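*Asks:*
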Amino acid sequence: MSTSIIAISNHKGGVGKTTSVVNIGAGLALIGYKVLLIDMDPQANLTQSYGITKAKVSVYEVLKGEAEVETVEIFENLEILPSTLDLSGAEMELINEAGREYILSEAIASIVDKYDYVFIDCPPSLGLLTINALTAATEVYIPLQAHYLAIKGLTKIIEVIGKVKKRLNKKIEITGVFVTQFDKRKVLHRDVVDTIYTYFQEKLFNTKIRENIALAEAPSQGYDIFHYDPESKGAEDYKKLCKEIIERHMSEDDDENNDNKEVNKDNE
Ligand SMILES: Nc1ncnc2c1ncn2[C@@H]1O[C@H](COP(=O)(O)OP(=O)(O)OP(=O)(O)O)[C@@H](O)[C@H]1O
Ligand SMILES: [Mg+2]
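Add 69 to the 1-based position in the sequence shown for this note's numbering, that's all there is to it.
#1: Hey, residue 206 and residue 189: beta-carbon distance below 8 angstroms or not?
#2: What span of residues does the alpha helix (DSSP H) with residue 381 cover, start to end?
#3: Compute the Euclidean distance between the alpha carbons of residue 129 and residue 79, then round it to the nearest angstrom.
#4: Residue range of the beta strand (DSSP E) that residue 142 falls in?
#5: Please say whether residue 197 and residue 160 have beta carbons closer to each other than 8 angstroms?
#6: How big is the Cα-Cα spacing for residue 92 and residue 235?
#7: In chain order, which continuous runs of the beta strand (DSSP E) of length 3 or greater are located wholly inside the region 164-243?
#8: Check whether the region 235-249 touches the region 110-126, taking contact to mean three or more Cβ pairs, one atom from each stretch, closer than 8 angstroms.
#9: For residue 250, tell me which candidate among 104, 282, 220 has the shortest Cα-Cα distance.
#10: Just to check my reading of the structure: residue 142 and residue 148 have Cβ atoms closer than 8 angstroms, yes? What is that Cβ distance to the nearest angstrom?
#11: By alpha-carbon positions, which one of 270, 248, 88 ends up nearest to residue 119?
#12: Compare the C-alpha of residue 220 against each of 255, 96, 200, 263 and name the closest.
#13: For a test of your reading of the model: does the CB of residue 112 fall under 7 angstroms from any non-hydrogen atom of ligand 2? Yes or no.
#14: Is it buried or exposed for residue 320, if we count other Cβ within 10 angstroms and need 16 for buried?
#15: Using the Cβ count rule (16 or more neighbours within 10 Å means buried), how would you classify residue 101?
#16: Should residue 83 be listed as close to ligand 1, given that the test is whether its C-beta is under 7 angstroms from any heavy atom?
#17: I need the straight-line Cα distance from residue 106 to residue 217, nearest angstrom please.
#18: DSSP state of residue 100, grouped into three classes?
#19: For a quick check, are the C-beta atoms of residue 276 and residue 306 less than 8 angstroms apart?
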């Protein structure tokens, strides 16, 4: 299987990007996949969620060309390239750099082969940090809250992804959308999910991440949901989402193999 590099992005704040990177990453690593998480947000919530305070190398030094990528192991199969507040200056500092959109992509090129999955946590903006993430990625997942404005705000990110695809990274594709902080008792939430389905069709994952307090509590203890409260609804939902992610990638691999077989047959 080739490495899937997945940017988790939505310029709307607080939709569950970081919570999803933490828990999808941990879930896949616990199943046995090798996973790298990259924190592209100067808020460094992903880094803090794992209680990492001092790392030798952060994304900032890497983007500035001051250091080679050096990851920190969280537990077996799970590593992180952390962020720091310094990263907030990077967008301005790199503005005159040639090829500034490709810096992350180039920096991780030599290490991504070691992993099955790389997840990039994007900041709630569409500036140079997000563009670097989209240029380095092979896929984008968009988490959405079941809010009636959820779809409306998407025009901008879809436009940006379209531009990145045209000019910087032909591979990039929105391959997944999922609903977070879902409450099935709310009619509004159910209606919004129907609208999201109409818009994204099969890109929408079946799994909805329900509202669950354990998901909000876990980071303060430096844990993902599986180590914090494995019996919680949050753990159940993220486990289901991980299974769907794996299934999608396995069927892609099958498609690729079948395509190769077709080519071989044609050559016979
Ligand atoms: N399913 C959930 N149930 C309850 N709380 C949640 C859930 N998902 C996320 N949260 C909480 O909602 C807040 C926002 O989540 P998170 O930080 O993951 O969003 P984000 O999109 O990364 O935000 P930002 O745009 O600021 O980076 C956090 O306090 C988080 O703990
Ligand atoms: Mg975040």
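The beta-carbon is built from N, C-alpha and C at its ideal position, and this holds for glycine as well.
Source: prediction; values computed, not measured.
*Replies:* Once the coordinates are examined:
#1: Position 137 of the sequence shown holds residue 206. Position 120 of the sequence shown holds residue 189. With contacts defined as CB atoms closer than 8 angstroms, residue 206 and residue 189 qualify as a contacting pair.
#2: Given that the chain is displayed from residue 70 to residue 337, the structure contains no residue 381 and the question cannot be resolved.
#3: Locating residue 129 in the sequence shown gives position 60, counting from the first residue. Locating residue 79 in the sequence shown gives position 10, counting from the first residue. For residue 129 and residue 79, the distance between alpha carbons rounds to 21 angstroms.
#4: For this step, residue 142 is matched to residue 73 along the sequence shown. Unbroken beta strand (DSSP E) run through residue 142: 141-144.
#5: What you label residue 160 is simply residue 91 of the sequence shown in a count that begins at 1. What you label residue 197 is simply residue 128 of the sequence shown in a count that begins at 1. Their beta carbons are under 8 angstroms apart, which means residue 160 touches residue 197 by this criterion.
#6: Residue 92 sits at position 23 when you count from the first residue of the sequence shown. Residue 235 sits at position 166 when you count from the first residue of the sequence shown. Answer to the nearest angstrom: the Cα atoms are 31 angstroms apart.
#7: List check, beta strand (DSSP E) in window: 186-190, 208-214.
#8: Segments in contact, no.
#9: As a working mapping, residue 250 is identified with position 181 in the sequence shown. For the residues 104, 282, 220, the minimum Cα distance to residue 250 belongs to 282.
#10: Here residue 142 refers to the residue found at position 73 of the sequence shown. Here residue 148 refers to the residue found at position 79 of the sequence shown. Cβ-Cβ separation between residue 142 and residue 148: approximately 5 angstroms, consistent with a contact (criterion under 8 angstroms).
#11: Counting from one through the sequence shown, the residue named residue 119 turns up at place 50. Of the listed residues, the one whose Cα sits closest to residue 119 is 88.
#12: Counting from 1 along the sequence shown, the entry for residue 220 is found at position 151. For the residues 255, 96, 200, 263, the minimum Cα distance to residue 220 belongs to 263.
#13: Residue numbering aside, residue 112 sits at position 43 when the sequence shown is read from its first letter. For residue 112, the Cβ falls inside the 7 angstroms cut-off from some heavy atom of ligand 2.
#14: For the purposes of this step, residue 320 is taken as the residue at position 251 of the sequence shown. Answer is exposed; the Cβ neighbour count stays below 16.
#15: On the sequence shown, position 32 is the one that residue 101 refers to. Exposed is the call here.
#16: As a position in the sequence shown, residue 83 is number 14, starting the count at 1. Result yes, Cβ under 7 angstroms from ligand 1.
#17: By one-based count along the sequence shown, residue 106 stands at place 37. By one-based count along the sequence shown, residue 217 stands at place 148. One Cα belongs to residue 106, the other to residue 217, and the distance between them is close to 30 angstroms.
#18: Within the sequence shown, the letter at position 31 stands for residue 100. Secondary structure at residue 100: helix, using DSSP grouped into helix, strand and coil.
#19: Residue numbering aside, residue 276 sits at position 207 when the sequence shown is read from its first letter. Residue numbering aside, residue 306 sits at position 237 when the sequence shown is read from its first letter. Between residue 276 and residue 306, the C-beta spacing is below 8 angstroms.
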